[in-house]
Structure formats: C-alpha cells, structure tokens
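Just so it is clear: in the sequence shown, position 71 is 99 by the numbering used here, and no numbers are missing.
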Amino acid sequence: MFRERVQNISLSIRKISEKASKQENCIRFDIGQPSFDTPQHVKKAAKKGLENKQGYSPMLGLEKLREEAAREESTKKGIDIGSEEVMITTGGMGALYAVFSARLEEEDKAVFNDPCWGPYKMISEVSENRWSQVQYWDSDRNLRPEAKEEIRDADLAVVNTPGNPTGYVLTEHQAREIGEFADKHDTFLVSDEVYHRLTFGVEHYSPAAYTADSCIIGSMSKNHAMTGWRTGWVADRPENLEQYAKVSRASTACPPRISQYAAVEALKHDSHVKEMRRAYHERRDLLVKRMQNLDWDFVAPEGAIYAFPEVGEDSWSFCMDMIEKGIAMVPGEPMGPESDQKVRLCFGSTNKEEINEAFDILEEEV
Ligand SMILES: Cc1ncc(COP(=O)(O)O)c(C=O)c1O
Numbered sequence: 029m030f031r032e033r034v035q036n037i038s039l040s041i042r043k044i045s046e047k048a049s050k051q052e053n054c055i056r057f058d059i060g061q062p063s064f065d066t067p068q069h070v071k072k073a074a075k076k077g078l079e080n081k082q083g084y085s086p087m088l089g090l091e092k093l094r095e096e097a098a099r100e101e102s103t104k105k106g107i108d109i110g111s112e113e114v115m116i117t118t119g120g121m122g123a124l125y126a127v128f129s130a131r132l133e134e135e136d137k138a139v140f141n142d143p144c145w146g147p148y149k150m151i152s153e154v155s156e157n158r159w160s161q162v163q164y165w166d167s168d169r170n171l172r173p174e175a176k177e178e179i180r181d182a183d184l185a186v187v188n189t190p191g192n193p194t195g196y197v198l199t200e201h202q203a204r205e206i207g208e209f210a211d212k213h214d215t216f217l218v219s220d221e222v223y224h225r226l227t228f229g230v231e232h233y234s235p236a237a238y239t240a241d242s243c244i245i246g247s248m249s250k251n252h253a254m255t256g257w258r259t260g261w262v263a264d265r266p267e268n269l270e271q272y273a274k275v276s277r278a279s280t281a282c283p284p285r286i287s288q289y290a291a292v293e294a295l296k297h298d299s300h301v302k303e304m305r306r307a308y309h310e311r312r313d314l315l316v317k318r319m320q321n322l323d324w325d326f327v328a329p330e331g332a333i334y335a336f337p338e339v340g341e342d343s344w345s346f347c348m349d350m351i352e353k354g355i356a357m358v359p360g361e362p363m364g365p366e367s368d369q370k371v372r373l374c375f376g377s378t379n380k381e382e383i384n385e386a387f388d389i390l391e392e393e394v
C-alpha cells in the first residue's frame, strides 16, 4: 500500500529527460544543472577532508560551515545572521522539506507564486499540507490583490528570488512589500534564495530582511556548481532550527560530512562564482538576442539560469516535438495554471555554441 498523495505525484517532466537522453546530440536546456564542474580547489579540500575521521557530522552541520554560511547570508543588505542561526541540510531541498514538515499541519496552507519550481508542490504532497498557487506580481512589480488575499490566508508563503523558472529578480521595493505584508498578517515567509549569487546587472534583495518571522533557504548547488554534493542550509532562529532538526534527524540523520569540507572551501575562496556568473551572463544575453528573432513573448531573465518564454502553443506538445529536432526544454504546464504555453530553458547547462545551434534550428521550425 502507498499513500494516495504520494501515488498521485506526477514525475511527468522525467518524460522529457528520458526522451532527450535517447536522442543523439540533443541540446539539453531541460536540466537545471550547471555545465561547469565543481572547482578543483574545492575538490582538493574534500580530498583533504578525507583525512579526518568520517563519522556522522553534528546534526546541525559542521561549525565551520555554519560560520561560513552565516557569513554568506550576512552579506545581504539588512541581514545579520550568526552561526547559531544556520542549520546545514542535505541540499536546499532538505531544508525546504524540514521547514514544511516541521511547520505545517494537514489543514495548514502553503502558497506559491505562479509559476513556481515544481518540487514545492511535491514537498507539500509528501508532508500532506494544503497548497495554492497565485501570480504574485503585476507588470508594475507590485503585489497583486489576489496574491495578498492568498498570502493573508496562508500559514506559510514561499518567495523565490532569483526565481526558477523565470529568472525574475525582486527589486528592493518588492522584497520589502512581500516581507512587510507577510509580517503584518503573521504568515511565515520561506525565502528561497538558492540563486542569490547569480544576478545579471541587478542587486539581490532578501525579503527576509523585512519580516521577523521568516527563514532563508540557501544552497551550494547552483552558485558554486555543486549540485551532486547535496549541501544547503536553512537560516532561522535557533529555537526554530531545533524543530527543523527533528525532521532532518528522521530523514537523513545529518548532512554528508565530506561535502561540508568542500562547501567551506568554496565559500571561503569563491572567485569561481564571479567567473561562472560572467559566463551565465553572456549566455543570457545571447539567449535573449536569439529569442527576440522568434515570435515568443518573454521577460528577459535578470538572474538564476533560466528563461521562461511563451511559445504560443501547448507546452507539452511543443517540447515533445522539439526533442525530435534535437532540442530539450521543459514544459511550463506543471509549473502553474498560467504557464501551459510557456517553456523553461536552462542556459546554465548549455554553452554559447549550443545556444546558437539550437536557435538556428528553432528559427527554421517555429
Ligand atoms: C528554486 C530552487 N530552490 C531550491 C532548489 C534546491 O536545490 P538543492 O537541493 O540542489 O540545493 C532548487 C534546485 O533546483 C531550486 O531551483
């Protein structure tokens, strides 16, 4: 027997990667995975870390990494976090799962932006809370009245900046507006900032700076090209971490020790982030230029590693057709009710030659 809500989770996007991996020379815009490998000095630090005894790590993570993660978070305007306010987790995903599971009762509701990163819904399904989705922002970058209503009613609201799948980055005004609004209505704010180092010519602002009751989700995955090391964190008050730690203890016991040695080095010596960001920025510019030649409607991404254009037809059939032509993209349909004609392209996983090659094909086909 399996729980109904688990059985009903659809891993439909896997259809895309399965089909793409069978297609020879397919250009992979579908996977949210940096094309870069983890920097050599970081791998070296992990090797050196092997010299230590490889027992369980402390439940909240190695103290050195908690210090570095706290320092990293405290670089954000208006945020001052101490190491006692950071719990290291098995990826940002582990942090989100711990927060949702620890905080939400079955009848409690989480609210997500439309569109949003799919796993928020999946985590809600597994932890059995209710959820809804609403477009947060209008075209003038103000919180929509419908969003205010949902956030006011919810027990927990997720805000994600820079955003997946849109590359949307909140301005200071937006970060303040959603932070203060959640604060005023006692809605706990989960600020997912796992792409905070990846912005292109704009500043990152944390909504958590504007509310007393919030947590920040951080990760080594994308900012440092360390997806496989499964290391992230949640920053919150120590008494709240104590509750999240129970969920971590029940699911993964502790974060992987070896990855934490690597993460300390990556955060301490982080010039690689600048280099990767420069490359992503160039790819973003090229992608925007090439998308302008197509009849696609889109907002140019300002951060993260994704673009989310409207292609003017059903996103599933479009993506399935395009894989046949050698280009893999992710349908927007599972990401929100307003996104069934949109597709997600990850430019973090491709290089400029691949972007050009793909758009030469798209200009013929679309
Ligand atoms: C918006 C967002 N949040 C959280 C995560 C979790 O990242 P990880 O578990 O790899 O740290 C991702 C990964 O793709 C993401 O896109």
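Cβ coordinates follow ideal geometry from the N, Cα and C atoms, glycine included.
Pair within 8 Å by beta-carbon distance, residue i and residue j
{"i": "Ile44", "j": "Gly146", "result": "no"}
{"i": "Ala182", "j": "Ala138", "result": "yes"}
{"i": "Leu226", "j": "Gly331", "result": "yes"}
{"i": "Asp349", "j": "Pro337", "result": "no"}
{"i": "Ala253", "j": "Phe64", "result": "yes"}
{"i": "Cys347", "j": "Pro86", "result": "no"}
{"i": "Gly360", "j": "Pro173", "result": "no"}
{"i": "Thr194", "j": "Pro329", "result": "yes"}
{"i": "Lys380", "j": "Arg311", "result": "yes"}
{"i": "Lys176", "j": "Phe128", "result": "no"}
{"i": "Gly119", "j": "Thr259", "result": "yes"}
{"i": "Gln271", "j": "Ala130", "result": "yes"}
{"i": "Ser155", "j": "Leu132", "result": "yes"}
{"i": "Tyr196", "j": "Val316", "result": "no"}
{"i": "Leu88", "j": "Ala278", "result": "no"}
{"i": "Met304", "j": "Pro62", "result": "yes"}
{"i": "Val34", "j": "Ala126", "result": "no"}
Cut-off 6 Å between Cβ atoms - residues of its own chain near residue i, not counting five sequence neighbours on either side
{"i": "Val70", "result": "Ala290, Glu293, Ala294"}
{"i": "Arg318", "result": "Phe387"}
{"i": "Leu90", "result": "Gln288"}
{"i": "Thr66", "result": "Ala253, Met254"}
{"i": "Ile286", "result": "Ala74, Gly77"}
{"i": "Asp241", "result": "Phe216"}
{"i": "Met150", "result": "Ile37"}
{"i": "Glu134", "result": "Glu156"}
{"i": "Leu314", "result": "Lys380, Ile383"}
Paired residues, beta bridge with residue i - DSSP
{"i": "Thr259", "result": "Partner(s): none; Thr259 has no beta bridge."}
{"i": "Glu338", "result": "Asp325, Lys370"}
{"i": "Ile6", "result": "Outside the displayed range of the chain (29 to 394) lies residue 6, so it cannot be described from this structure."}
{"i": "Ser40", "result": "DSSP lists no partner for Ser40."}
{"i": "Phe216", "result": "Leu184"}
{"i": "Ala356", "result": "Arg56"}
{"i": "His158", "result": "In the sequence on display, residue 158 carries Arg and not His. Paired residue(s): Lys137."}
{"i": "Trp6", "result": "One cannot answer for residue 6 here, as it falls past the ends of the chain, which runs 29 to 394."}
{"i": "Ser247", "result": "Gly260"}
{"i": "Ser242", "result": "Leu217"}
{"i": "Met115", "result": "Val262"}
Close-in-space but distant-in-sequence residues of the same chain around residue i (CB under 7 Å, 5 per side omitted)
{"i": "Arg31", "result": "none"}
{"i": "Gly191", "result": "Ala332"}
{"i": "Glu382", "result": "Ile55"}
{"i": "Lys105", "result": "Tyr233, Ala237"}
{"i": "Met357", "result": "Phe57, Asp58, Cys347, Met350, Val371, Arg372, Leu373"}
{"i": "Ser178", "result": "Sequence inspection shows Glu at residue 178; the Ser mentioned does not correspond to that position. Excluding sequence neighbours, Glu178 sits near Val139, Ser160, Val162."}
Residues of its chain near residue i, where Cβ-Cβ distance is below 8 Å and the 5 sequence neighbours each way are ignored
{"i": "Tyr148", "result": "Leu124, Ala138, Phe140, Trp159, Val186"}
{"i": "Asp24", "result": "A query on residue 24 cannot be resolved here, the shown segment of the chain reaching from 29 to 394 and no further."}
{"i": "Ile355", "result": "Cys54, Ile55, Phe57, Ala386, Ile389, Leu390"}
{"i": "Tyr308", "result": "Leu226, Phe228, Ile333, Phe375, Gly376"}
{"i": "Arg306", "result": "none"}
{"i": "Ser343", "result": "Pro359, Gly360, Glu361, Ser367, Asp368, Gln369, Lys370, Val371"}
{"i": "Ala48", "result": "Cys54, Arg56, Asp58, Ile351, Ala356"}
{"i": "Glu284", "result": "A small fix is needed here, since residue 284 is Pro in this sequence, not Glu. Ser85, Thr118, Trp257, Arg258, Thr259, listed in sequence order."}
Residue i at chain B interface by Cβ criterion, 8 Å
{"i": "Val301", "result": "Although the question refers to chain B, the structure presented lacks it and comprises just one protein chain."}
Cβ-based burial, residue i [other Cβ within 10 Å; buried from 16]
{"i": "Asn157", "result": "buried"}
{"i": "Lys212", "result": "exposed"}
{"i": "Pro365", "result": "exposed"}
{"i": "Asn251", "result": "buried"}
{"i": "Tyr84", "result": "exposed"}
{"i": "Asn80", "result": "exposed"}
{"i": "Glu153", "result": "buried"}
{"i": "Arg94", "result": "buried"}
{"i": "Ser299", "result": "exposed"}
{"i": "Met29", "result": "exposed"}
{"i": "Asn268", "result": "buried"}
{"i": "Leu39", "result": "exposed"}
{"i": "His224", "result": "buried"}
{"i": "Ser345", "result": "exposed"}
heavy atom of ligand 3 below 7 Å from residue i C-beta
{"i": "Val222", "result": "Ligands displayed in this structure: ligand 1; ligand 3 is not among them."}
Practice task
Mind the definition here: the region 184-191 touches the region 216-232 only if three or more C-beta pairs lie below 8 Å; say whether that holds.
Solution key: yes
Handout entry: Cβ contact check for the region 216-236 and the region 158-169: 3 or more pairs under 8 Å
Key = no
Exercise for the section: Count the CB pairs spanning the region 374-387 and the region 42-62 that are closer than 8 Å, and state whether there are at least three. Expected result: The region 374-387 makes contact with the region 42-62; the number of CB pairs closer than 8 Å reaches 3 or more.
Exercise for the section: Give a yes or no on contact between the region 95-103 and the region 240-248, applying the rule of three or more CB pairs nearer than 8 Å. Expected result: yes
Exercise for the section: Decide yes or no for the touch test of the region 110-130 against the region 259-276: beta carbon pairs closer than 8 Å, at least 3 of them. Expected result: They touch, by the three-pair rule.
Practice task
Indicate whether the contact test is met: 3 or more Cβ pairs, each with one atom in the region 194-214 and one in the region 227-236, closer than 8 Å.
Solution key: Note that the region 194-214 touches the region 227-236; at least 3 beta-carbon pairs, one per stretch, sit closer than 8 Å.
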